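Input: a single structure, listed below in structure tokens.
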Amino acid sequence: MSQRPTERTPSDRSRPGVSVELTDLTRTYGQVNALDGLTLRLEPGELVALLGPSGCGKTTALRILAGLDEATSGTVAVDGQDLTSVPANKRDMGMVFQAYSLFPHLTVLDNVAFGLKLRGDDRTNRHLRAAEMLELVGLSEHSEKYASQLSGGQQQRVALARALAIRPRVLLLDEPLSALDAKVRVQLREEIRRVQLEVGTTTLFVTHDQEEALAVADRVGVMSHGRLEQIAAPAELYAHPATPFVAEFVGLNNKVPAVVSAGKAEVLGVQVPTLVGSVEDAGLAMVRPESLSVRADSEGTASITSVAFLGPISRVHCTLADQTPVIAQLTSSQARDLAPGQRVSLEVEPAPVLVVPAATMGA
Amino acid sequence: MTRRTRALRVVLLVLFGIFFLLPIYASALFSLRRPGGGHSMAAWTAIVSDDQLYPAVLVSLGLAFVSVVLMLLLLVPTMIWVRLRAPWARRLVEFLCLLPLTIPALVIVVGLKGVYAWVTYFLGFIGLGESALALTFIYVVLTLPYAYRALDTSLSAIDLQTLAEAARSLGAGWTATITRVVVPNIWSGMLSASFIAIAVVLGEYTIASLMGYQNLQVVIVLLGKTDGPTSVAASLATILLGFVLLLVLSLATRGRRRHVVGGAVR
């Protein structure tokens with residue numbers, strides 16, 4: 001997991017920003033429930049990431065907040081004001097899209113100034129503001145170029161500048177990084193966070209990439225089937241997943257047979273505390289790859305099936321005595337002497353785990 | 001490229017050149033010939049001085065202009081709306097727009113004759129009861145197939161949905177979205193739709209003749225019976241105008257592509 005680029009300091013709390021409330025939103029398309037009673041509150045100045053697999057309703061929620069889609073039922077309120085029936089162009093929300101969305105016929109500067117022109121700002125003012133926004137995203141020297149002359153990452157930064165130029169009440173980011181390559185993605189997400197903290201705008205960030213969500217957000221909401229499974233600060237979400245879905249979606253999880261008694265689970269021979277929501281007898285413990293250690297042991301009951309080298313870390317795929325496959329994540333120096341076919345013993349660190357009924361996981 | 005294929009190219013080019021240019025050259029010669037020998041520009045000056053021809057030229061140019069404006073006003077917002085809000089209707093609109101291609105002019109005239117009694121009746125209220133400009137409604141329909149194709153191509157070249165949503169989120173209403181964002185990005189398609197429509201309207205004979213209106217082509221045919229050189233000069237002028245329009249179109253869109261749209265490739 002990468003480092004969080006910037007932490008919110010207490011003084012940031014005083015920055016301008018408005019609250020956003022989505023209450024009991026539903027959206028049906030024919031027979032499909034894209035949203036099934038979503039309730040979500042964003043505190044002023046907060047960056048909330050909505051995380052989930054495709055089709056979980058996260059983008060629908062964002063589009064309804066933007067006014068680009070209509071909820072079947074439920075309400076949208078910003079700063080206590082009901083916006084449910086206000087059209088998109090009157091909502092004052094800046095949005096960055098997944099697809100490149102710069103207007104091809106305008107220069108970068110005119111793109112950023114577009115929203116201000118619609119608001120009747122005079123030429124001098126809107127160009128000043130646009131230049132200021134371009135400086136914020138580090139693209140001042142490109143202001144006279146057209147979108148076609150920019151890289152994907154630059155285009156998304158201009159889109160961010162354009163969205164912020166109108167001083168939006170809420171900033172909406174709809175998977176803004178998913179069209180970019182891996183390195184630019186990491187750079188840009190850190191930049192988005194820096195800019196968001198600087199301007200203090202309440203932000204909803206939709207993504208399917210858990211690392212992205214954990215890295216930039218104040219709180220992460222995990223969605224599944226149109227519902228919010230859990231919303232919590234990244235570290236809390238990672239350490240204390242509330243449901244099997246969250247545990248599995250956030251982080252790569254092993255399902256290891258476990259027996260629970262008196263609030264303790266016996267996993268691979270080690271007693272570990274259980275999280276709220278765990279079963280009370282036999283089940284499957286959700287164990288993260290980094291919680292497992294692997295030791296070469298000719299008497300061990302597990303064996304290595306393969307070792308994947310990923311630079312600083314390695315993933316060791318093992319099979320337990322009962323044929324359960326598990327993955328352990330070690331530093332590459334720890335994994336150096338491990339080879340496929342080797343007999344090993346596995347140990348789990350005594351961090352709290354979620355134990356789920358074997359049947360629900362379909363394992 | 002081998003010498004043989006190059007030679008073949010030259011031969012083909014020359015053959016096609018002769019095929020297209022020879023009749024035009026012959027017409028030009030004929031229009032410049034003076035009865036009894038020598039050359040004269042009389043046939044060409046008649047285009048703007050002939051009592052019958054000049055008004056017909058104005059009528060056809062007027063028809064072309066009004067038809068293009070109406071066609072764009074009808075088609076551009078409709079096609080944008082269908083793509084954004086009613087994608088299910090896209091095939092239907094395409095079918096309706098292409099339909100005029102499949103219906104013979106005679107059938108259109110027979111079908112519309114009754115309707116046109118009302119059209120001329122209502123146009124009478126604004127003093128256009130007898131005007132050939134009434135043909136504009138049929139011509140709008142007639143130009144739809146060509147205009148639809150041109151506009152469809154240029155709309156497909158942009159990410160209309162995302163651009164429109166971006167404009168709306170920045171505060172643009174539907175009118176501003178269309179005029180400030182969509183139209184500038186489909187400008188080349190609108191231009192080619194317009195020029196093709198102008199060419200269609202300027203060259204239309206059958207319907208005008210059957211409906212009893214005197215547009216350029218009808219008068220050219222009439223004149224051909226009495227004054228050959230003038231009618232040929234007028235025909236040639238129409239062809240040259242169409243040629244110039246297409247040339248302007250290709251130059252204009254090429255210039256645009258280089259500056260703006262070409263970059264949409266990513």
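Protein chains in written order, with the UniProt record's numbering: chain A, 1 to 363; chain G, 1 to 266. Ideal placement from N, C-alpha and C gives every residue a C-beta, glycine not left out. Keep in mind that this is a model prediction, so the values were computed, not measured.
Mind listing the chain G neighbours of A:A66? Cutoff is C-beta to C-beta under 9 Å, in chain order.
What A:A66 touches in chain G: E165, R168, S169.
Whole angstroms is fine: what's the gap from A:H142's alpha carbon to A:V184's?
Those two C-alpha atoms are separated by around 18 Å.
My guess is that G:L53 and G:L223 are in contact by the Cβ rule of under 8 Å, so how many angstroms apart are they, rounded?
By a beta-carbon distance limit of 8 Å, G:L53 contacts G:L223. Their separation comes to about 6 Å.
Answer with buried or exposed for G:I103, where buried requires no fewer than 16 other C-beta atoms within 10 angstroms of its C-beta.
It is exposed - the Cβ of G:I103 has fewer than 16 other Cβ atoms within 10 Å.
Return the CA-CA distance between A:E70 and A:R27, expressed in angstroms with no decimal places.
Rounded to the nearest angstrom, the two C-alpha atoms are 8 Å apart.
Nearest candidate by alpha-carbon position, reference A:L171, set A:L338, A:A302, A:S19
Comparing C-alpha distances from A:L171 to each of A:L338, A:A302, A:S19 shows the shortest one belongs to A:S19.
Contact check, A:V276 vs A:A265 under 8 Å by CB: the rounded distance?
Not confirmed; about 13 Å, so no contact.
Residues of the stretch 137–164 of chain G whose Cβ lies closer than 9 Å to any Cβ of chain D, in chain order
Among the chains of the structure shown, chain D does not appear; the protein chains present are A and G.
Give me, in chain order, the residues of the same chain whose beta-carbon lies closer than 7 Å to that of G:Q161; leave out the 5 immediate sequence neighbours on both sides.
The answer, listed in chain order, is L84.
G:F30 - DSSP class collapsed to helix/strand/coil:
Reduced to three states, the DSSP call for G:F30 is helix.
Starting from A:Q271, follow the alpha helix (DSSP H) in both directions and report where the run begins and ends.
Judged by DSSP secondary structure, A:Q271 falls outside any alpha helix (DSSP H) and instead within the beta strand (DSSP E) spanning 270–273.
Let me know if residue 267 of chain G comes out buried or exposed under the rule of 16 or more other beta-carbons within 10 Å of its beta-carbon.
Nothing about residue 267 of chain G can be reported from this structure: the residues present for chain G run from 1 to 266 only.
Would you give the residue range spanned by the alpha helix (DSSP H) that G:I186 belongs to?
Per DSSP, G:I186 lies in no alpha helix (DSSP H) and is assigned neither H nor E.
Simplified DSSP assignment, three categories, for A:Q196
Assignment of A:Q196 by DSSP, reduced to helix, strand and coil, places it in the helix class.
Name the chain A residues whose beta carbon is nearer than 8 Å to that of G:P100?
Those do not exist, as G:P100 stays about 32 Å from chain A at its closest Cβ, beyond 8 Å.
If the criterion is Cβ atoms closer than 8 Å, does the pair G:A167 and G:T177 meet it?
For G:A167 and G:T177, yes; Cβs fall inside 8 Å.
Limits of the alpha helix (DSSP H) - the one that A:M133 falls within
It spans 123–136 - the alpha helix (DSSP H) in which A:M133 sits, taken as one unbroken run.
Determine which residues of the stretch 170–188 of chain G have a Cβ less than 7 Å from any Cβ of chain A, and write them out in chain order.
Within the stretch 170–188 of chain G, contact with chain A at the beta-carbon level (separation under 7 Å) is assigned to L170, G171, A172, G173, A176, V181, P184, N185.
Could you give the distance in angstroms between the alpha-carbon of A:S148 and the alpha-carbon of A:S101?
C-alpha separation (whole angstroms): 11 Å.
Let me know the secondary structure DSSP gives A:A363 once reduced to three states.
At A:A363, the pLDDT of 36 sits below 50, so the modelled position is not reliable and the matter cannot be decided from this model.
Put A:A308 into one of helix, strand or coil per three-state DSSP.
Correct three-state label for A:A308: strand.
Decide yes or no for the touch test of the stretch 156–164 of chain A against the stretch 190–209 of chain A: beta carbon pairs closer than 8 Å, at least 3 of them.
Yes: at least three Cβ pairs fall under 8 Å.
Going along chain G in order, which residues have a C-beta closer than 8 Å to the C-beta of A:I166?
Here the neighbours are L170, G171.
Quick check on G:N215: buried or exposed, where buried means 16 or more other Cβ atoms within 10 Å of its Cβ?
When all chains shown are included, G:N215 counts as buried.
Are the C-beta of A:A34 and some C-beta of chain G separated by less than 8 Å?
A:A34 does not count as touching chain G.
Quick one: using the 10 Å Cβ neighbour count with 16 as the cut-off for buried, is G:M41 buried or exposed?
Under a 10 Å Cβ-count criterion, G:M41 is classified as exposed, with fewer than 16 other Cβ atoms of the shown protein chains found around its own Cβ.
What does the Cβ neighbour count give for A:R169, buried or exposed, with the cut at 16 atoms within 10 Å?
So A:R169 ends up on the buried side.
Output, in sequence order along the chain, the residues in the stretch 113–136 of chain A whose CB is closer than 7 Å to any CB in chain G.
For the stretch 113–136 of chain A, which is checked against every Cβ of chain G, the residues closer than 7 Å are F114, G115, L118, R119.
Hey, would you say G:S27 sits closer than 8 Å to G:V232, going by beta carbons?
In contact: G:S27 and G:V232 (Cβ atoms closer than 8 Å).
Give the secondary structure of G:Q214 by DSSP, where H, G and I count as helix, E and B as strand, and everything else as coil.
Here G:Q214 sits in coil by DSSP.
Is there a C-beta anywhere in chain G that falls below 8 Å from the one on A:R71?
It should be noted that the sequence gives Ala, not Arg, for residue 71 of chain A. Not an interface residue.
Using a threshold of 8 Å, state whether the C-beta atoms of A:T301 and A:A321 are closer than that.
Cβ distance < 8 Å, so A:T301 and A:A321 count as in contact.
Determine which residues share a DSSP beta bridge with residue 365 of chain A and list them.
Nothing can be reported for residue 365 of chain A: it is not among the residues displayed for chain A, which extend from 1 to 363.
Exposed unless 16 or more other CB atoms sit within 10 angstroms - verdict on A:K255
Label assigned to A:K255: buried.
Should A:K90 go down as buried or exposed, given a rule of 16 or more other Cβ atoms within 10 Å for buried?
Answer is exposed; the Cβ neighbour count stays below 16.
At a cut of 8 Å, does the stretch 66–83 of chain A reach the stretch 132–141 of chain G through at least three beta carbon pairs?
No: the two stretches stay apart, fewer than three of their Cβ pairs being nearer than 8 Å.
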